[in-house]
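Numbering (mature numbering (1 follows the signal peptide of the UniProt record, and there is no 0)), first residue to last: -20 to -1, 1 to 786.
All C-beta atoms, glycine included, are put in the ideal place defined by N, C-alpha and C.
Since the model is a prediction, treat every value here as computed from it, not as a measurement.
Worksheet: the structure to be examined is printed underneath.
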Ligand code: GAL
C-alpha cells in the first residue's frame, strides 16, 4: 500500500467527530474511531437522521463473531469456527474541514462481507468479497462545510456456510478518509518496477496514473525522487510533462539507482519513491510508494534464486485470523506472528486463500518475507453452498484487479496465485478461466510469475495446467509423486504450495512415537480411533490421508532440488477447520505454532533445518507413570551427535543418519531429570533438560514486551505458566487462571491453544492447557504503568507490570 508523505497530522479535535485539517495537498486520516455498532438488521439505519444513540460505541477494526459464544449450531458450522455470524451495522457521524475544490474518499481495507455503504442516505456501493479493499468517493454527497455527515455500513455475513475457515464478521480492517486536490495521483495510481537490477545499478521505473476531476485540460510536471531508509535523497529527480485532457492521464518515468541496497529476507532494505504532481507552482499531490530492489527467477532444475543466489523457499501458509483477537486487524499481533515465524527460519508466506491486510504486506516488506499473494479459494464451482462462487461471475475481475493494483508495489510480494485447489482443475472450464485470470494479472503486472495451487499431478487430467499459461506449477501434498513431476511436466518450474497438514496439540504425546495415526484414513471413512479428549500427538505422528508428517513432507522437498521450496500447512493454528475432529473441536490442528502463539515441537524441527543457529530441542515432558516406556526425541542442528542422560546416567549417543531429522531413545521412565547434550567435534554445543514436575504451586507471567505505546492499539502478549514449587512447568496443569488489570490497559483476549476449548476469547479468565495460557493486554490512549495480576485457586499468584508510553 502506498504510504504517504506529508502526513504531518494536525489532529485538532475541536468537537467529537470533527476531522482535523492536515498540511500538504493529500490528507490521509484514520477513520477508525467514533463508530456506533448494532448487531442485527435495521434498514432505516442507512438514513442520516436515524437515531443510533443506543448503539454501542466502538473503534475499528472490529470483528463481532469473535465476541460470540461457540455453538455447534451456529450457521458458519465448526469449519467456519463455530461462532455467530449474521448482519451488523456501523454508523459514523463526522464534520469535515473545508472541502470545496477537493476530492474526498473513504477507503475500506476489508469488510466481512457483502457490505453496502451509504453517505447521508445515498448508497455508495456494495462489495461482496470480504477480503477486497475498496473505496468510494464521498464528494458528491457531502454536506456543505461545517455540517455533519453520516456514513452507514451494513455487513451481511448471514448466508452460511460460506467459508472453509473462520472469516470473522464486520469492518475488521482499517478505514481511512483521503482528501486530495481535484488533480492528483489516482487511487493505487503508481506502479514501481525495477526492470534491471545488478549490484552496480538498478533501473527504477514508475508508471503513474493521474486523476483529473477539474473538468479542464491540465498540464502537469511529475517529479520523481528516491529516498533511502534514512530519508536521504539517493536518486536525482526525474521530470515528465504530462498533458491530462480527460479524467485520467499517465506517464512513465525512469531513474538509475547506483549501487542499490538489495532487498532480501535476510536484509530487507527499503527505499521510498516520492511522486510530486506540480501544476505551475502549485503542488497538486505528493504520493509515496514503497520500493525494494530485488531480482529473482525460477529454474526448472535448480529451483528458486533471489538476487542471483539460490534460495530455498521455506514458507508457511497463513490464514488471516489472529487467534483470540479474531479477524480484527492489529499490526502488533501480526508482527508478533511474523517474529515467531522469523525465528523458526521461515522466509516466505502464502496468504491462503485471499488477499491479506495491507499492514501484513508492509510488515513483510520491512521484516523480510517473500509473499505468495493468493486471490481465490474457489471460482465458479463452490466449496460451500453460500461461498464466493455465487459472486465470482460478477466480481472476480474487479476483485483480482484491485488486489494486483493494491499489492504490486510491495517488494515482499514475489508471486500471484489465482486460486487454491480450484474445482475447475478437473474440467475444461478450468483452462478458459486460467487463461482469463492470468491475462488479467499479467496486464496489470507483467513482472511477477503467476501460479495456482494444484492437486492433480496427471497432466491429462489437470485442466488448469493445460492452459499452459502458469509460470510456475504449484502442487499441494502428494509428495510421493514429486520424482515424476519433471517427466510429467517437462521444462516446467515447480513449487510446493502446501505440504504436511500434520496434526499436533501442543504438549500432548501419544506413544509409541513411531506408530502413525492417519486420521482419517481415506476420503470415505470417518475418524473412529481419535483421542477422546480431541488431542493430536506432538510427536509428529498424526496426519490426514492426503497429508504427511512434517518430517516426511520436508524430507521429500529436500530430496527434490527442482522444487523451489514449500509452504507448510500451516504456520499458526487458525480458527475453523478442526480436522480430524468433530465438535467441540473448533480450531485447526495443522499449525506448527498453536492458536495462542506457543510453538509446538515441530517448530524446532523446522528451526533445526531452516536456520544456521544451533538447535537442541528435547521432547516430551518428563511426567509419566513409573515403568512406562517413553520415546525421547531430540531435534538438533550444528552438532554431530546428542547424548542423553537420565538422572546423570548416559542412555547413549545418537546421530542423525542422512535422511533423519531427529534422534530417538526408547526410555523406561523414572522420575527425575532428563538431559541432552549436543556436541560438535567432541565439544559441547548445547544442553537441554526437562524435569519431572511436582504438584502445581505457582503462576509465572512473562510479557513479550514491557514497553508499549499508549496508542490504544499496542499489545503485550503475556504468557502464563503453571509451575511446581521448584519452578518446573507442570505439563498437564489445567488451573483456571483469572486476570485483573490495573492502569491504562485491558484484556483484549485470552487463549490456551487447546483446539476444543469452549471458553470465550473475550474474557478475563482462562484455564491453563498443558501448563500454559495467554492473556493479551491492550493499551488505551493514556500512558502509565499497566499491572496484570493472575490468580488461581491454590496457586501463588503472580503479577507483572508493563509501561505504556504516550
Ligand atoms: C488443503 C486446502 C487448505 C486446507 C488443507 C488442510 O487441501 O487447500 O485450505 O484445507 O487442505 O489439509
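Item, Value
"So, does the region 3 to 10 touch the region 116 to 127, judging by three or more C-beta pairs under 8 Å?", "no"
"What is the residue span of the alpha helix (DSSP H) that residue 584 lies within?", "582 to 590"
"What's the gap between the Cα of residue 164 and the Cα of residue 152?", "29 Å"
"Which residue comes first and which comes last in the alpha helix (DSSP H) that contains residue 410?", "409 to 424"
"In the DSSP assignment, find the alpha helix (DSSP H) that holds residue 538 and state where it starts and stops.", "530 to 538"
"Indicate whether residue 475 and residue 544 have their beta-carbon atoms separated by less than 7 Å.", "yes"
"On the three-state DSSP scale, how would you describe residue 377?", "helix"
"Where does the unbroken alpha helix (DSSP H) through residue 542 begin, and where does it stop?", "Where residue 542 is concerned, there is no enclosing alpha helix (DSSP H), given that its DSSP letter is neither H nor E."
"Using 10 angstroms around the beta-carbon of residue 601, count the other beta-carbons present and answer buried if the total reaches 16, otherwise exposed.", "buried"
"Would you say the beta carbon of residue 499 comes nearer than 6 Å to a heavy atom of ligand 1?", "no"
"Leaving out five residues before and five after residue 610 in sequence, what residues of the same chain have Cβ atoms less than 6 Å from its Cβ?", "604, 647 and 649"
"Rounded to whole angstroms, what is the Cα-Cα separation between residue 591 and residue 328?", "14 Å"
"Going by CA-CA distance only, name the one from 64, 383, 44 and 41 that's closest to residue 52.", "64"
"Using CA coordinates, which residue listed in 758, 386 and 693 is at the minimum distance from residue 722?", "758"
"Tell me whether the beta-carbon of residue 514 lies closer than 7 Å to the beta-carbon of residue 584.", "no"
"Verify whether the separation of the beta carbon atoms of residue 245 and residue 325 is less than 7 Å.", "no"
"Just reading off the alpha helix (DSSP H) that residue 688 is part of, what are its end residues?", "That residue, residue 688, is in no alpha helix (DSSP H); its beta strand (DSSP E) goes 687 to 689."
"Which residues bound the beta strand (DSSP E) around residue 297?", "293 to 298"
"Only counting runs of 3 or more residues, tell me where the beta strand (DSSP E) segments fall wholly within the region 49 to 106, in order along the chain.", "66 to 75, 82 to 88 and 95 to 99"
"Buried or exposed for residue 390, please, with buried defined as at least 16 other CB atoms from any protein chain shown within 10 angstroms of its CB.", "buried"
"Less than 7 Å between the beta carbons of residue 623 and residue 635, yes or no?", "no"
"What did DSSP end up calling residue 191 once you bin it into helix, strand or coil?", "strand"
"Could you give the C-beta distance for residue 754 and residue 698, rounded to a whole number, given that I count them as a contact under 8 Å?", "7 Å"
"Using a Cβ-Cβ cut-off of 8 Å (strictly less than) and excluding sequence neighbours within five positions of residue 664, which residues of its own chain qualify?", "657 and 658"
"What did DSSP end up calling residue 514 once you bin it into helix, strand or coil?", "coil"
"Mind checking who residue 273 pairs with in its DSSP beta bridge?", "242"
"Roughly how many whole angstroms lie between the Cα atoms of residue 523 and residue 497?", "6 Å"
"Should residue 234 and residue 220 be called a contact, given that it needs their Cβ atoms to be closer than 7 Å?", "no"
"From this set, 309, 598 and 619, which residue's C-alpha is nearest residue 644's C-alpha?", "598"
"Determine whether the beta carbon atoms of residue 148 and residue 566 lie at a separation below 7 Å.", "no"
"Is it buried or exposed for residue 262, if we count other Cβ within 10 angstroms and need 16 for buried?", "exposed"
"Under 7 Å between the Cβ atoms of residue 112 and residue 379?", "yes"
"Using 7 Å as the threshold, is the C-beta distance between residue 35 and residue 19 below it?", "no"
"Hey, how far is the Cα of residue 571 from the Cα of residue 138?", "28 Å"
"Run through DSSP, which three-state label would residue 321 get?", "helix"
"Taking just the CA atoms, how far does residue 230 sit from residue 218?", "15 Å"
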